[in-house]
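A.B. asks: These protein sequence lines map, in sequence, to chains G and X.
Position 55 of the first sequence, counted from 1, bears residue number 66 in this note's numbering, the numbering being contiguous throughout.
Position 53 of the second sequence, counted from 1, bears residue number 100 in this note's numbering, the numbering being contiguous throughout.
We put the CB at the ideal spot given by N, CA and C, even for glycine.
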Amino acid sequence: MNHWLILPILLPAIVAPLLALALRHDLIMTRTFSIGSMVLLVLLGGYLTAMASDGATRTYALGEWGGPVGIVLVLDRLAAVMLLLTATLGLGIAIYSLSGCDKAGPHFHPLLQFQLMGLNGAFLTGDLFNLFVFFEILLIASYGLMVHGGGAARVRAGLQYVMINLVGSSIFLIGLGLIYGVTGTLNMADFAVKAKQIAAADSALLQTGIALLVAVFGIKAAVVPLHFWLPGTYANAAGPVAALFAIMTKVGAYALIRVFTLCHGDAAGGAADWFASGWLVWGGVATLIVGTIGIVGARSLNQQASFAGLASMGTLLIAIGGFTPALGSAAIYYLIHSTLAVAALFLVIDMIIRRRTGFGDALVAAPRFVHGGLIAATFFVIAIAVIGLPPLSGFIGKLLILSALAGQTSGGEGGGGVAGWPWLWGVILVTSLLALIGFAFSGTLVFWRRPSDKPAETASPPIVVPMVAVGWLLACMVLMTLLAGPATDYFDQTAGQLFRPQGYLEATLGEAAAGGGS
Amino acid sequence: MEWLVAAAIATLTASGVYLILAQRTYTIVIGLGLLTYATNLFLFATGRLAVNAPPIVGDPQAPHTDPIPQALVLTAIVISFGMTALTLVMAVRGYFESGGDDVDLLGPEEEVAKERR
Numbered sequence: 012m013n014h015w016l017i018l019p020i021l022l023p024a025i026v027a028p029l030l031a032l033a034l035r036h037d038l039i040m041t042r043t044f045s046i047g048s049m050v051l052l053v054l055l056g057g058y059l060t061a062m063a064s065d066g067a068t069r070t071y072a073l074g075e076w077g078g079p080v081g082i083v084l085v086l087d088r089l090a091a092v093m094l095l096l097t098a099t100l101g102l103g104i105a106i107y108s109l110s111g112c113d114k115a116g117p118h119f120h121p122l123l124q125f126q127l128m129g130l131n132g133a134f135l136t137g138d139l140f141n142l143f144v145f146f147e148i149l150l151i152a153s154y155g156l157m158v159h160g161g162g163a164a165r166v167r168a169g170l171q172y173v174m175i176n177l178v179g180s181s182i183f184l185i186g187l188g189l190i191y192g193v194t195g196t197l198n199m200a201d202f203a204v205k206a207k208q209i210a211a212a213d214s215a216l217l218q219t220g221i222a223l224l225v226a227v228f229g230i231k232a233a234v235v236p237l238h239f240w241l242p243g244t245y246a247n248a249a250g251p252v253a254a255l256f257a258i259m260t261k262v263g264a265y266a267l268i269r270v271f272t273l274c275h276g277d278a279a280g281g282a283a284d285w286f287a288s289g290w291l292v293w294g295g296v297a298t299l300i301v302g303t304i305g306i307v308g309a310r311s312l313n314q315q316a317s318f319a320g321l322a323s324m325g326t327l328l329i330a331i332g333g334f335t336p337a338l339g340s341a342a343i344y345y346l347i348h349s350t351l352a353v354a355a356l357f358l359v360i361d362m363i364i365r366r367r368t369g370f371g372d373a374l375v376a377a378p379r380f381v382h383g384g385l386i387a388a389t390f391f392v393i394a395i396a397v398i399g400l401p402p403l404s405g406f407i408g409k410l411l412i413l414s415a416l417a418g419q420t421s422g423g424e425g426g427g428g429v430a431g432w433p434w435l436w437g438v439i440l441v442t443s444l445l446a447l448i449g450f451a452f453s454g455t456l457v458f459w460r461r462p463s464d465k466p467a468e469t470a471s472p473p474i475v476v477p478m479v480a481v482g483w484l485l486a487c488m489v490l491m492t493l494l495a496g497p498a499t500d501y502f503d504q505t506a507g508q509l510f511r512p513q514g515y516l517e518a519t520l521g522e523a524a525a526g527g528g529s
Numbered sequence: 048m049e050w051l052v053a054a055a056i057a058t059l060t061a062s063g064v065y066l067i068l069a070q071r072t073y074t075i076v077i078g079l080g081l082l083t084y085a086t087n088l089f090l091f092a093t094g095r096l097a098v099n100a101p102p103i104v105g106d107p108q109a110p111h112t113d114p115i116p117q118a119l120v121l122t123a124i125v126i127s128f129g130m131t132a133l134t135l136v137m138a139v140r141g142y143f144e145s146g147g148d149d150v151d152l153l154g155p156e157e158e159v160a161k162e163r164r
């Protein structure tokens with residue numbers, strides 16, 4: 012038993028009630044504990060990533076009830092990377108909130124900790140029902156964060172967000188019920204083994220259950236046409252909250268990768284074959300196109316950033332849907348990059364909103380605001396990252412995806428290209444150009460065009476703390492660019508591990524049970 | 048027995064879906080409630096229907112019900128109950144903040160009117 016595995020869940024689970032109950036009236040202590048917990052989580056994420064880099068899959072049986080009966084936590088390369096990413100993002104947002112966002116409503120820091128707990132749990136768990144429970148934990152925390160700060164528009168948008176996710180939870184449960192009814196298990200690894208052995212008469216029920224799961228993960232990942240909740244939610248949430256939500260869509264993408272790579276190589280059930288048949292690629296294309304249209308047509312900065320998040324999910328889903336090891340590696344790189352980039356974009360937009368009193372984030376000419384030059388430069392750099400222009404990591408991410416789509420890989424396992432890749436190249440490149448036009452338009456309007464008769468604004472909120480937070484996220488992106496070589500090596504091995512699920516199955520079930528199916 | 052349970056689940060689901068498609072938050076909350084009842088019943092039925100049998104396996108040959116769906120349903124009930132309460136609180140807060148229980152986002156005109164008030 013490796014007790015490090017449960018710490019990413021346990022630490023925020025202990026800190027959050029402490030903040031909410033004992034320290035609720037002490038802002039300084041609340042902030043100290045919240046930041047401290049985030050720093051520890053980053054260190055823990057780094058340690059677990061290093062630990063997972065040897066390629067072994069580690070499991071932690073809760074209550075020493077091993078799989079498939081008990082609930083197991085499983086740490087492989089992908090889970091470790093996601094933990095590190097979550098903690099990195101959480102630290103940036105916790106730092107940013109020190110500039111005063113955490114005082115806009117009660118319980119910002121405890122909810123943030125609970126959200127991190129749910130996210131970490133969702134990335135670690137090896138049990139489908141446990142995945143549902145951690146989804147609920149992160150959703151409940153996000154409901155509270157969504158309406159943080161209040162206001163009619165935000166509460167309305169929050170209500171829509173809650174409702175769509177409640178429907179999603181019901182669908183998730185029905186899908187789980189079908190899967191349990193047919194296979195008699197909810198353990199992911201055991202499910203992957205049992206799915207191959209079910210009777211032919213039951214396979215329709217199993218396919219229905221899997222389709223329902225895909226629908227739920229699709230709602231989370233905002234695949235067109237299940238994306239309608241995203242723009243309204245993100246555009247109406249407070250800046251740091253929207254930044255945190257940048258990883259919420261990635262949870263859906265993660266769940267898709269996890270469940271379907273485990274079923275990989277399954278001949279009889281056909282779950283992975285059906286998934287790998289490429290329909291998600293076209294879902295990703297639709298998502299990318301809708302997101303890009305939104306970027307060009309947005310009427311406010313937050314709306315534009317929301318659609319930029321949607322477009323990045325589109326690119327990511329194209330890579331996931333292609334379902335080859337090379338694309339998997341590229342997808343993980345792009346997933347990390349786009350989470351950081353979109354989060355940083357929301358943070359810098361929040362800085363702009365707090366300075367443009369009376370204009371907010373509307374895309375109209377407004378008087379000059381303080382720190383305009385510095386913020387404009389930051390916005391410029393982050394927009395470059397989001398669009399995917401060189402020299403930042405977005406460019407490398409898109410390049411990796413493009414070359415993997417065409418089947419051109421430097422690494423050992425390529426796995427061929429995706430049919431129709433010239434079309435996909437065209438879509439990705441043209442949408443990148445359109446995104447560039449959209450961001451150039453909004454940047455020009457917000458930072459350069461001035462109404463002549465208005466006096467200068469005087470509102471001067473703090474600059475240092477928010478810049479530290481944005482700088483932290485930017486530094487991580489620069490690091491990903493500089494260390495692109497070692498990072499892609501790590502992700503290549505991650506994808507290799509994902510597409511050879513035997514190690515995962517053996518670690519969870521023991522060699523005999525895992526081998527029995529194949 | 049199967050027909051009865053299936054018909055109950057179907058009726059609850061259909062009513063829930065119909066109510067969710069409404070324009071008012073209160074109706075939707077009721078619809079979500081019905082949908083979660085249907086889901087819970089469905090989960091319960093996935094362990095196969097067994098009447099008058101204990102959820103404990105002493106002798107595997109003796110009649111027993113599958114205890115896992117019951118545990119799952121218990122979790123699902125707790126979560127859906129809490130969620131319904133939360134939605135109601137948010138619906139009430141939305142009603143007082145925006146002056147209506149419409150589910151649509153505020154249009155530009157409404158937001159302007161709200162700021163002037």
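(1) When the Cβ atoms of the segment 513-522 of chain G are set against those of the segment 56-73 of chain G, are three or more pairs found closer than 8 Å?
(2) Look at the alpha carbon of glycine 527 (chain G) and the alpha carbon of methionine 199 (chain G), and state the distance between them as a whole number of angstroms.
(3) So threonine 60 (chain G) and alanine 91 (chain G) are in contact, right, with Cβ under 8 Å, and what is the actual spacing, rounded?
(4) Rounding to the nearest angstrom, what Cα-Cα distance links leucine 494 (chain G) and leucine 416 (chain G) in this structure?
(5) Counting only beta-carbon atoms, is glutamate 49 (chain X) nearer than 7 Å to chain G?
(6) Can you tell me which of the three DSSP states serine 214 (chain G) falls into?
(7) Just the Cα atoms here: how many angstroms apart are threonine 219 (chain G) and threonine 58 (chain X)?
(8) Going by CA-CA distance only, name the one from G:Val234, G:Pro121, G:Leu142 and G:Ala388 that's closest to alanine 299 (chain G).
(9) For arginine 367 (chain G) and chain X, any beta-carbon pair shorter than 7 Å?
(10) Out of G:Ala394, G:Gly169 and G:Trp459, point me to the one whose CA is closest to leucine 485 (chain G)'s CA.
(11) Only counting the same chain, and skipping five residues up and downstream in sequence, which positions put a Cβ closer than 7 Å to that of phenylalanine 202 (chain G)?
(12) With DSSP run on the structure shown, which of helix, strand or coil describes aspartate 149 (chain X)?
(13) Comparing C-alpha positions only, which one of G:Val307, G:Tyr345, G:Phe334 and G:Ala430 sits nearest to methionine 452 (chain G)?
(14) Three Cβ pairs or more, each shorter than 8 Å: is that satisfied between the segment 342-350 of chain G and the segment 290-305 of chain G?
(15) For phenylalanine 228 (chain G), which option in G:Val301, G:Ile331 and G:Ala168 has the closest C-alpha, if you only look at C-alpha atoms?
(16) Going by CA-CA distance only, name the one from G:Pro473, G:Ile407 and G:Pro336 that's closest to methionine 362 (chain G).
(17) Can you check whether the C-beta of proline 28 (chain G) is within less than 7 Å of a C-beta belonging to chain X?
(18) What does the Cβ neighbour count give for serine 45 (chain G), buried or exposed, with the cut at 16 atoms within 10 Å?
(19) By the DSSP assignment, the alpha helix (DSSP H) with leucine 150 (chain G) in it spans what residues?
(20) So what's glycine 521 (chain G) in DSSP terms, helix, strand or just coil?
(21) Out of G:Val50, G:Val26, G:His382 and G:Val83, which one is the CA nearest neighbour of leucine 16 (chain G)?
(22) Count the CB pairs spanning the segment 206-222 of chain G and the segment 122-137 of chain G that are closer than 8 Å, and state whether there are at least three.
(23) Where do the N-terminal and C-terminal ends of the alpha helix (DSSP H) with leucine 444 (chain G) fall, by residue?
(24) Using 7 Å as the threshold, is the C-beta distance between alanine 123 (chain X) and threonine 112 (chain X) below it?
(25) Taking all protein chains shown into account, decide if threonine 492 (chain G) is buried (16 or more other Cβ within 10 angstroms of its Cβ) or exposed.
(26) Report the residue from G:Leu22, G:Gly405 and G:Leu187 whose alpha carbon sits nearest the alpha carbon of methionine 324 (chain G).
(27) Checking contacts by CB at 7 Å: is phenylalanine 89 (chain X) closer than that to chain G?
(28) What's the gap between the Cα of glutamate 424 (chain G) and the Cα of glycine 74 (chain G)?
(29) If you reduce the DSSP assignment to three classes, tell me which class leucine 86 (chain G) lands in.
(30) What residue from G:Gly449, G:Tyr344, G:Leu177 and G:Ile39 has the CA that sits closest to threonine 86 (chain X)'s CA?
(31) At the level of alpha carbons, what is the spacing between tryptophan 240 (chain G) and leucine 400 (chain G)?
(32) Near leucine 224 (chain G), what residues of its chain come up, given a Cβ to Cβ distance below 6 Å and the 5 sequence neighbours on each side ignored?
(33) So, is the C-beta of threonine 112 (chain X) closer than 7 Å to a C-beta in chain G?
(34) Based on DSSP bridge pairs, tell me the residues matched to alanine 373 (chain G).
(35) To the nearest angstrom, how far is the alpha carbon of leucine 531 (chain G) from that of alanine 253 (chain G)?
(36) Can the beta-carbon of phenylalanine 357 (chain G) be found less than 7 Å from the beta-carbon of arginine 367 (chain G)?
C.D. replies: Reading from the atomic positions:
(1) Yes, since at least three Cβ pairs between the segment 513-522 of chain G and the segment 56-73 of chain G fall closer than 8 Å, the two stretches touch.
(2) With a pLDDT of only 47 at glycine 527 (chain G), under the threshold of 50, the placement of this residue in the model should not be trusted; the figure read from the coordinates follows. Distance between the alpha carbons of glycine 527 (chain G) and methionine 199 (chain G) is about 16 Å.
(3) Rounded, the Cβ-Cβ distance is 4 Å, consistent with contact.
(4) Approximately 23 Å, taken between the alpha carbons.
(5) It does not: the Cβ of glutamate 49 (chain X) has no partner Cβ on chain G nearer than 7 Å.
(6) Looking at serine 214 (chain G) - three-state DSSP - the assignment turns out to be helix.
(7) Taking the straight line from one Cα to the other gives about 20 Å.
(8) The question names alanine, but residue 299 (chain G) is leucine in the sequence shown. Checked all of G:Val234, G:Pro121, G:Leu142 and G:Ala388; the closest Cα to leucine 299 (chain G) is G:Val234.
(9) It does not: the Cβ of arginine 367 (chain G) has no partner Cβ on chain X nearer than 7 Å.
(10) Nearest C-alpha to leucine 485 (chain G): G:Ala394.
(11) Same-chain partners within the cutoff: Leu139, Ile190, Thr194 and Thr196.
(12) In the three-state reduction of the DSSP assignment, aspartate 149 (chain X) falls in the strand class, which pools E and B.
(13) One detail in the question is off: residue 452 (chain G) reads as phenylalanine in this sequence, not methionine. It is G:Val307 whose Cα lies nearest to the Cα of phenylalanine 452 (chain G).
(14) The segment 342-350 of chain G is not in contact with the segment 290-305 of chain G.
(15) For the options G:Val301, G:Ile331 and G:Ala168, the alpha carbon positioned closest to that of phenylalanine 228 (chain G) is the one of G:Ile331.
(16) Looking at G:Pro473, G:Ile407 and G:Pro336, the one whose alpha-carbon comes closest to that of methionine 362 (chain G) is G:Pro473.
(17) Proline 28 (chain G) does not count as touching chain X.
(18) Buried, because 16 or more other Cβ atoms sit within 10 Å of the Cβ of serine 45 (chain G).
(19) In the DSSP assignment, leucine 150 (chain G) falls within the alpha helix (DSSP H) that extends over 139-157.
(20) Judged by DSSP in its simplified three-state form, glycine 521 (chain G) adopts coil rather than helix or strand.
(21) Selected option, being the one with the closest Cα: G:Val83.
(22) By the criterion of at least three beta-carbon pairs nearer than 8 Å, the segment 206-222 of chain G is not in contact with the segment 122-137 of chain G.
(23) Per DSSP, the unbroken alpha helix (DSSP H) holding leucine 444 (chain G) starts and ends at 432-458.
(24) With a cutoff of 7 Å on beta-carbon distance, alanine 123 (chain X) and threonine 112 (chain X) are scored as not near each other.
(25) Buried, since its Cβ has 16 or more Cβ neighbours within 10 Å.
(26) Of the listed residues, the one whose Cα sits closest to methionine 324 (chain G) is G:Gly405.
(27) Proximity of phenylalanine 89 (chain X) to chain G, defined by a Cβ-Cβ separation below 7 Å, is satisfied.
(28) Model confidence at glutamate 424 (chain G) stands at a pLDDT of 48, short of 50, so the residue's coordinates are unreliable and nothing is read from them.
(29) Strand, per DSSP.
(30) Nearest of G:Gly449, G:Tyr344, G:Leu177 and G:Ile39 to threonine 86 (chain X), Cα basis: G:Leu177.
(31) Tryptophan 240 (chain G) and leucine 400 (chain G) have their C-alpha atoms roughly 28 Å apart.
(32) Taken in chain order, the residues that qualify are Gly186.
(33) Not one beta carbon of chain G lies nearer than 7 Å to the beta carbon of threonine 112 (chain X).
(34) DSSP output for alanine 373 (chain G) lists G:Ser311 as bridge partner(s).
(35) Absent from the model: residue 531 (chain G). The displayed extent of chain G is 12 to 529, so no value can be given.
(36) Cβ atoms of phenylalanine 357 (chain G) and arginine 367 (chain G): not closer than 7 Å.
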